[in-house]
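Student: First the structure, then my questions, so here it is.
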Amino acid sequence: MSQKKTSGPENNENSAMDNSSVDISIVVPLYNEKESLPHLMKGISDTLLSCGKTFEVIFVDDGSTDGSFDELQSLHKTYGAQAKALRFSRNYGKSAALNAGIDHAAGSIIITMDADLQDDPTAIPEMVAKLEEGWDVVSGWKKVRHDPIGKTLPSKVWNIFTSMLCGLKLHDFNCGFKAYRSDAAKSLDIYGDRHRYLPALAHWDGFKVTETVVPHHPRKFGKSKFGAGRMFNGAMDMITLLFLKRYLKSPMHFFGLVGLILIFAGMGVLGYFGVMWALTGLMRIRPLTVLALGSMIMGIQFISIGLIGEMITHSQQTKREFSIREILE
Ligand code: UDP
Ligand code: MG
Numbered sequence: 068m069s070q071k072k073t074s075g076p077e078n079n080e081n082s083a084m085d086n087s088s089v090d091i092s093i094v095v096p097l098y099n100e101k102e103s104l105p106h107l108m109k110g111i112s113d114t115l116l117s118c119g120k121t122f123e124v125i126f127v128d129d130g131s132t133d134g135s136f137d138e139l140q141s142l143h144k145t146y147g148a149q150a151k152a153l154r155f156s157r158n159y160g161k162s163a164a165l166n167a168g169i170d171h172a173a174g175s176i177i178i179t180m181d182a183d184l185q186d187d188p189t190a191i192p193e194m195v196a197k198l199e200e201g202w203d204v205v206s207g208w209k210k211v212r213h214d215p216i217g218k219t220l221p222s223k224v225w226n227i228f229t230s231m232l233c234g235l236k237l238h239d240f241n242c243g244f245k246a247y248r249s250d251a252a253k254s255l256d257i258y259g260d261r262h263r264y265l266p267a268l269a270h271w272d273g274f275k276v277t278e279t280v281v282p283h284h285p286r287k288f289g290k291s292k293f294g295a296g297r298m299f300n301g302a303m304d305m306i307t308l309l310f311l312k313r314y315l316k317s318p319m320h321f322f323g324l325v326g327l328i329l330i331f332a333g334m335g336v337l338g339y340f341g342v343m344w345a346l347t348g349l350m351r352i353r354p355l356t357v358l359a360l361g362s363m364i365m366g367i368q369f370i371s372i373g374l375i376g377e378m379i380t381h382s383q384q385t386k387r388e389f390s391i392r393e394i395l396e
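Heads up: the sequence shown runs through residues 68 to 396, numbered per the numbering used here.
Structure follows, in structure tokens:
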């Protein structure tokens, strides 16, 4: 992925700000959101200046084709280092954009928010206050939501399921508006469509996750970038995620178990026919016999897949599998 840092005149009072002095980094993934950008930047700037925080906004242009990046260049000219921008060479998706933005964030607090003005920057101080209370991740909850019913209703059901499956009770996993302690955000592996489950990933890594109600506005400009396919993709991702979370390091525990169940089921049925044969001298090939043989063959295949999985896992042992909360040296 190609990234290009902008450079331009730094002409406002905070622009000389060096990265190490940034309190809050705001990461904004965007895809064709040209009209919203200046309003969003002004809203963020007004809120954060009024509470005396130093900040940087990192806009990540996810391959926009509507001239969003020209707008970002102009914002960079006006706001200097407070308005930074990364530009992807093409549209990689929201997860990739969040990942890149978080990588570049220098603040000890990282906020992510959508670019379309649906998230309201005035909620930032309350989220920051929650982090200061000791939480690692504060997830926004769009309690009163200004989206079509076709979107809000499936989303409710989806959130209930996700809460049950991942063991973390939240109302709104997929809300783009979230606040993180920097180390929590940077430890997340965000790719594919994982932006829908970030609180679950953080929770699984042992970070303390809570939620706070955030105001939500209807979209003013442009249109939503996610269609009806999101529900199906979301469900599939959740299954994959649960599977990977539980069995990534020990694939044999899953494939081996299924394999053994199939083999024993097959053996049980064949054993029954074997006993009948011994007792009655009658050997009949029945559909159930064929099924039992099939079941045993499938069982062996499952075990083989598990072994291949183990070999792949062991050849990749270099990958980090823990996250450290604190170090005393
Ligand atoms: N977005 C992105 N890349 C994409 C799709 C969306 O960076 O491929 C951004 C989009 O510009 C917006 C945010 O992700 O800032 C949320 O998208 P959208 O508002 O379309 O989602 P919705 O509010 O409909 O869930
Ligand atoms: Mg939106």
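No residue lacks a Cβ here, since even glycine has one placed at the ideal position from N, Cα and C.
Return the bridge partner residues of Tyr98 from the DSSP annotation.
Tutor: Paired residue(s): none; Tyr98 is not in a bridge.
Student: Any heavy atom of ligand 2 closer than 7 Å to the beta-carbon of Arg212?
Tutor: Look at Arg212: its beta carbon is at least 7 Å from all of the heavy atoms in ligand 2.
Student: Going by DSSP in three states, Ser398 sits in which element: helix, strand or coil?
Tutor: Any question about residue 398 goes unanswered here, given that the chain covers just 68 to 396.
Student: If you measure from the CB of Ser291, is any heavy atom of ligand 2 nearer than 7 Å?
Tutor: Result yes, Cβ under 7 Å from ligand 2.
Student: Let me make sure I understand the geometry here. Which of Asp137, Ala246, Phe369 has the alpha-carbon closest to that of Lys197?
Tutor: Minimum Cα distance to Lys197 is reached at Ala246.
Student: Rounding to the nearest angstrom, what Cα-Cα distance links Lys290 and Gly207 in this structure?
Tutor: The alpha-carbon atoms of Lys290 and Gly207 are separated by roughly 21 Å.
Student: Going by C-alpha to C-alpha distance, which of Leu232, Gly296, Gly234 sits closest to Asp260?
Tutor: Gly296
Student: So, helix, strand or coil for Trp225, using DSSP?
Tutor: helix
Student: Could you check the C-alpha separation between Arg248 and Tyr314 for me, to the nearest Å?
Tutor: 28 Å
Student: Using only the heavy atoms of ligand 2, determine whether one of them is closer than 7 Å to the beta carbon of Arg263.
Tutor: No, since every heavy atom of ligand 2 falls outside the 7 Å radius drawn around the Cβ of Arg263.
Student: Suppose the cutoff is 6 Å on Cβ atoms and the five residues either side in sequence are ignored; what does the same chain contact list for Ala83 look like?
Tutor: Low local confidence applies: a pLDDT of 37 at Ala83 is under 50, so the model's placement there is unreliable, and no value is given.
Student: Can you tell me whether Ser382 is buried or exposed? The criterion is at least 16 other CB atoms within 10 Å of its CB, across all chains shown.
Tutor: exposed
Student: For a test of the three-state rule: what should DSSP assign to Thr380, helix, strand or coil?
Tutor: helix
Student: Can you tell me whether DSSP reads Lys422 as helix, strand or coil?
Tutor: Residue numbering for the chain in the displayed model covers 68 to 396; residue 422 lies beyond these limits and cannot be assessed.
Student: For Lys209, I'd like the list of residues in its chain whose CB is within less than 7 Å of its CB, leaving aside the five on either flank, ordered along the chain.
Tutor: Sequence-distant Cβ neighbours of Lys209 in its own chain, meaning closer than 7 Å and more than five residues away, are Asp239, Cys242, Val281, His283.
Student: Closer than 7 Å: is that where the CB of Arg397 sits relative to any heavy atom of ligand 2?
Tutor: What the structure shows of the chain is the stretch from 68 to 396, and residue 397 is not part of that stretch, so it cannot be assessed.
Student: Kindly indicate which three-state DSSP category Gly342 falls into: helix, strand or coil?
Tutor: Strictly speaking, residue 342 in this sequence is Val, with Gly absent from that position. Correct three-state label for Val342: helix.
Student: In whole angstroms, give me the CA-to-CA distance for Gln140 and Phe310.
Tutor: About 42 Å.
Student: Can you tell me which of His213, His262, Ala148 puts its alpha carbon nearest to the alpha carbon of Ala300?
Tutor: Before going on, a small fix: residue 300 reads as Asn here, not Ala. The candidate whose alpha carbon is nearest that of Asn300 is His262.
Student: Less than 8 Å between the CB atoms is what I'm expecting for Phe122 and Val204, so what's the real figure, rounded?
Tutor: Not really, about 19 Å apart at Cβ, beyond 8 Å.
Student: For Gly130, which residues in the same chain have their Cβ closer than 6 Å to its Cβ, ignoring the five residues on either side in sequence?
Tutor: Within its own chain, the residues whose Cβ lies closer than 6 Å to the Cβ of Gly130, once the five positions on either side in sequence are excluded, are Phe155, Arg157, Asn158, listed in chain order.
Student: Report all residues from its chain with a CB closer than 6 Å to the CB of Lys292; omit the five preceding and five following residues, and keep chain order.
Tutor: Tyr98
Student: Taking the beta strand (DSSP E) that Glu396 falls in, what are its first and last residues?
Tutor: Glu396 -> no beta strand (DSSP E), and no H or E assigned at all.
Student: Going by DSSP, what residue range makes up the beta strand (DSSP E) through Leu235?
Tutor: From DSSP, Leu235 is part of no beta strand (DSSP E); its letter is neither H nor E.
Student: Check whether the Cβ of Gly373 lies closer than 7 Å to any heavy atom of ligand 1, and answer yes or no.
Tutor: If you check the C-beta of Gly373 against ligand 1, you find no heavy atom less than 7 Å away.
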